[in-house]
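Working notes, beginning with the structure itself.
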Amino acid sequence: MDKLNLRERRVFEARVLTDNPMSLEDLAAEFGIARVRIRQIEVSVLQKMGHDLMLLALEQEILADKNGDHWNRTIETMIDTNADSLDGVRAKARVACSNRLGDLDEAVVDLSASHNDRTLENSILRDLIRLYDPHLEQKGAVQALLIECTT
Numbered sequence: 556m557d558k559l560n561l562r563e564r565r566v567f568e569a570r571v572l573t574d575n576p577m578s579l580e581d582l583a584a585e586f587g588i589a590r591v592r593i594r595q596i597e598v599s600v601l602q603k604m605g606h607d608l609m610l611l612a613l614e615q616e617i618l619a620d621k622n623g624d625h626w627n628r629t630i631e632t633m634i635d636t637n638a639d640s641l642d643g644v645r646a647k648a649r650v651a652c653s654n655r656l657g658d659l660d661e662a663v664v665d666l667s668a669s670h671n672d673r674t675l676e677n678s679i680l681r682d683l684i685r686l687y688d689p690h691l692e693q694k695g696a697v698q699a700l701l702i703e704c705t706t
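Heads up: take any position in the sequence shown, counting from 1, add 555, and you land on my numbering.
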């Protein structure tokens, strides 16, 4: 909002930040300018505020799902999906990766964590291989791929 002058701020508040937006005609009458000029100001404001608006929308989406219910339902759906199709394998891979990405969050927060990015990448790769064929790990495929990926 600091990027906006007073007129731009008023247009932004009246057209975007309210549940009951003012019409272009009403704002034009308030400022004594043409309706098309209000539209131009609105477009200019949206261009200036684009990144901030995306962050605001994301923040509102996160706050609307305070307990993570939507994410929990999504994960549960993925867990229940059979891995007998490509979509099923992808769902299982997403669950495995999301579980590992939780580890990444801990590593970022806890700088004394014993695992690093390479260990995390390897563990995700290991999970994906297990999802593809659980017997590959016993055949040494995991170790072979890890050696190939780390060199």
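Every residue gets a Cβ at the ideal spot worked out from N, C-alpha and C, and that includes glycine. No experiment lies behind these values; they were computed from the predicted model shown.
Whether residue i touches residue j by CB criterion (8 angstroms)
i      : j      : result
Val591 : Leu559 : no
Arg562 : Ile596 : yes
Leu579 : Ile593 : yes
Whole-Å CB distance - residue i paired with residue j, under 8 angstroms assumed
i      : j      : result
Pro731 : Ala569 : Not covered by the structure: residue 731. The range shown for the chain is 556 to 706.
Outcome for residue i when other beta-carbon atoms lying within 10 angstroms are tallied against a minimum of 16
i      : result
Leu572 : exposed
Val566 : buried
Asp574 : exposed
Given residue i as reference, the closest of the options once Cα atoms are compared
i      : options                           : result
Met556 : Ile593, Asp574, Thr636 and Lys603 : Lys603
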